[in-house]
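Colleague: Please find one structure pasted underneath; my questions will follow.
In the UniProt record's numbering, the protein residues as written are 1 to 602.
Structure representation (structure tokens):
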């Protein structure tokens, strides 16, 4: 049965998308979280894309779980065969010892397991299948400890804690390896001295290793086929599984990733944007210029009404577009790829597919006065809804529904993403500007380690066999846990109520897979991008004031660019300024400038 084909998105072929797809092969916990957030929480919209397309990531995660389930089924068959061989061997041994006609039951066999047998276990009071099961658990636990140690290093734990975790991981690994060697020592020595006369303790671990070899080969083949540097941009990525569940999910995610709208919760509105940098804002009183311009020409737009947020944002967009065009003409600076668009933030409370009337309210979750939801047949992420909210909210300056100018730069092959959100409103004769920069750091380095793995392929059969023999037991436990989780999720999805309580984006794949540390060069570039964008914002505000007939002398006098990247505004008549993450706004009432008659804004 054909699967659900993935649509193309502007971020479907980015480096970040490729690395996150590779991450679901590298990190089982990341893979499980991808599926949990995108499939299990169907009521939860996805966060703004920030340089990735989550659909290929989900498709690869689901593909790995299907492969994992097949491997787990083969491992289960091998382990059942191993256990059955022990039962048969001990049953035959008891029958031989007790003589013909003796009745041997399962209880007798179970008791004999832990009494030892000189010809089967060399006197060891444990059947070989259970002995090897303990070896597998020990090797799996050592693998988990090594993974946790690596996670601790990525989490920037204090050095003593990170060293202790790494030491514990190494210690557990050595103990597990010693336990595995003890198993093989007992078997080989028993075969040599004649106290062990069964081949199954050798055959079934080899069968487990063979299954692990097949599993790892399938994973590496997938990486080479879809996710290597040479194939990713032209390869057709795997489909989603067939069925209405994934068809509906694809439609919803595609609509949300392409929409210039997102739902939010007040405690965490900017999910997916990354770490906030120093935000800044200012407020100033708008005063009309009473006199003609310097050359005697009439003041532009003097009689066209007050300056609105729509007009000011249009001029800011023009400044940023010209910046992009000039950068494209003069070099390879990432500013040539700057993305500028408008996005509206709506308070949560409405379902991702719930049909509402178009626009008309600053809070999509509020009912109408008669207590019912307004219905007009369009989901909140529908393009018509988005256009209506953008048009209605741009000049309202409300608390709930907010329109931002979103300026985005994806640098270092989308490894560093700078997003600057700009909000401007002009109510009450005031101009208020708010600027909030955010930075997403590079994707985890262990995800990129996939490239080194692919470059080593194909590997020799000896190396592959040794690797599978060592990793086979841990792979068996890992795939068993993953398969049980898949079964539980499928059962839960089948019985769950799809009409869950509406939610907002709470999880960003890109942000979870990112790191906070930047290299010195990356930090320099981030600082340069933010400063350049801020300079264009200031120019855009200046242009808007000049071209709409407002006084700019106070603005020109008190706006400076500081070395720290902040915009500093000195005492401003009738205005306020706030800079920095912990800044506050202070009003500075003062008299009009000498020789400049005060006029009320119109």
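We put the CB at the ideal spot given by N, CA and C, even for glycine.
Just so you know, these numbers come straight off a predicted model, no measurement behind them.
Tell me the rounded alpha-carbon separation between residue 611 and residue 386.
Modeller: Here the chain covers residues 1 to 602 and nothing more, so residue 611 does not appear.
Colleague: Under 7 Å between the Cβ atoms of residue 53 and residue 25?
Modeller: Result no, Cβ atoms of residue 53 and residue 25 do not sit closer than 7 Å.
Colleague: Check whether the segment 338 to 348 touches the segment 398 to 408, counting contact only when three or more Cβ pairs, one atom from each stretch, lie closer than 8 Å.
Modeller: Because the criterion of three Cβ pairs below 8 Å is met, the segment 338 to 348 and the segment 398 to 408 touch.
Colleague: Alpha carbon to alpha carbon, how far is residue 530 from residue 391? Give it in angstroms, no decimals.
Modeller: C-alpha separation (whole angstroms): 27 Å.
Colleague: Just the C-alpha distance for residue 5 and residue 238, rounded to the nearest angstrom, thanks.
Modeller: Approximately 8 Å between the Cα atoms of the pair.
Colleague: Could you pull the start and end residues of the beta strand (DSSP E) that residue 419 belongs to?
Modeller: Element bounds for residue 419: 416 to 425.
Colleague: Below 8 Å on the Cβ atoms is my guess for residue 45 versus residue 352; work out the distance and round it to an integer in Å.
Modeller: Rounded, the Cβ-Cβ distance is 5 Å, consistent with contact.
Colleague: Have a look at residue 418 and residue 83 and give me their C-alpha separation to the nearest angstrom.
Modeller: Their backbone Cα atoms lie some 57 Å apart in a straight line.
Colleague: Quick one: using the 10 Å Cβ neighbour count with 16 as the cut-off for buried, is residue 21 buried or exposed?
Modeller: Flag for residue 21 reads buried.
Colleague: Please identify the residue among 356, 425, 188 and 183 whose C-alpha is closest to the C-alpha of residue 309.
Modeller: When only C-alpha atoms are compared, the closest one is 425.
Colleague: Provide the residue span of the alpha helix (DSSP H) that contains residue 536, from first to last.
Modeller: 520 to 547 is the span of the alpha helix (DSSP H), which, as asked, contains residue 536.
Colleague: Quick check on residue 413: does DSSP put it in helix, strand or coil?
Modeller: Note: residue 413 maps to coil in three-state DSSP.
Colleague: Would you kindly work out how many angstroms separate the C-alpha atoms of residue 16 and residue 480, rounded to a whole number?
Modeller: For residue 16 and residue 480, the distance between alpha carbons rounds to 30 Å.
Colleague: Return the residue from the list 220, 131 and 80 that minimises the CA-CA distance to residue 459.
Modeller: Out of 220, 131 and 80, 220 has the C-alpha closest to the C-alpha of residue 459.
Colleague: When burial is assigned at 16 or more other CB atoms within 10 Å of the CB, is residue 452 buried or exposed?
Modeller: Looking at its Cβ environment, which holds fewer than 16 other Cβ atoms inside 10 Å, residue 452 is exposed.
Colleague: Give the secondary structure of residue 74 by DSSP, where H, G and I count as helix, E and B as strand, and everything else as coil.
Modeller: The answer is helix: DSSP assigns residue 74 an H, G or I state.
Colleague: In angstroms, rounded to a whole number, what distance separates the CA positions of residue 19 and residue 443?
Modeller: Going from the Cα of residue 19 to the Cα of residue 443 covers about 7 Å.
Colleague: Does the structure place the segment 270 to 287 close enough to the segment 421 to 437 that three or more beta carbon pairs sit under 8 Å?
Modeller: Flag = yes, the segment 421 to 437 and the segment 270 to 287 touch.
Colleague: For residue 246, list the residues DSSP reports as bridge partners.
Modeller: Answer by DSSP bridge pairing: none, since residue 246 is not bridged.
Colleague: Quick one, are the C-beta atoms of residue 199 and residue 128 less than 7 Å apart?
Modeller: No, Cβ-Cβ distance for residue 199 and residue 128 is not below 7 Å.
Colleague: Suppose the cutoff is 6 Å on Cβ atoms and the five residues either side in sequence are ignored; what does the same chain contact list for residue 343 look like?
Modeller: Cβ neighbours of residue 343 beyond the five flanking positions: 260, 404 and 406.
Colleague: Span of the beta strand (DSSP E) holding residue 340?
Modeller: Its beta strand (DSSP E) spans residues 339 to 347.
Colleague: Mind checking residue 167: buried by the 16 CB within 10 Å criterion, or exposed?
Modeller: Exposed.
Colleague: In whole angstroms, what separates the C-alpha of residue 112 from that of residue 187?
Modeller: Near 19 Å, if we compare the C-alpha coordinates of residue 187 and residue 112.
Colleague: The alpha helix (DSSP H) with residue 20 in it runs from where to where?
Modeller: Residue 20 -> alpha helix (DSSP H) spans 15 to 26.
Colleague: I'd like to know whether the C-beta atoms of residue 474 and residue 139 end up nearer to each other than 7 Å.
Modeller: Yes.
Colleague: For the alpha helix (DSSP H) that contains residue 452, what are its first and last residues?
Modeller: Its alpha helix (DSSP H) spans residues 445 to 455.
Colleague: Can you tell me whether residue 280 is helix, strand or coil according to DSSP?
Modeller: In this structure, residue 280 counts as strand in the three-state DSSP scheme.
Colleague: Exposed or buried, residue 232, counting other C-beta atoms within 10 Å across all chains shown (16 or more means buried)?
Modeller: Flag for residue 232 reads buried.
Colleague: Can you tell me the Cα-Cα spacing of residue 378 and residue 384, whole angstroms?
Modeller: Distance between the alpha carbons of residue 378 and residue 384: 8 Å.
Colleague: What's the gap between the Cα of residue 226 and the Cα of residue 235?
Modeller: Their Cα atoms are separated by approximately 6 Å.
Colleague: Under the assumption that residue 555 contacts residue 542 (Cβ atoms under 8 Å), give the Cβ distance between them as a whole number of angstroms.
Modeller: Going by Cβ atoms, the distance from residue 555 to residue 542 rounds to 6 Å, so yes, they are a contact pair.
Colleague: Pull the bridge partners of residue 550 from the DSSP assignment, please.
Modeller: Residue 550 pairs with 288.
Colleague: Do residue 421 and residue 284 count as a contact pair if the criterion is CB distance below 7 Å?
Modeller: Their beta carbons are not under 7 Å apart, which means residue 284 does not touch residue 421 by this criterion.
Colleague: At 3 residues or longer, what runs of the beta strand (DSSP E) sit wholly inside the segment 197 to 231?
Modeller: For the segment 197 to 231, not a single whole beta strand (DSSP E) run of length 3 or above is found.
Colleague: To the nearest angstrom, report how far apart residue 573 and residue 314 are at their CA atoms.
Modeller: No answer about residue 573 holds up, because its pLDDT of 37 lies below 50 and its placement is not dependable.
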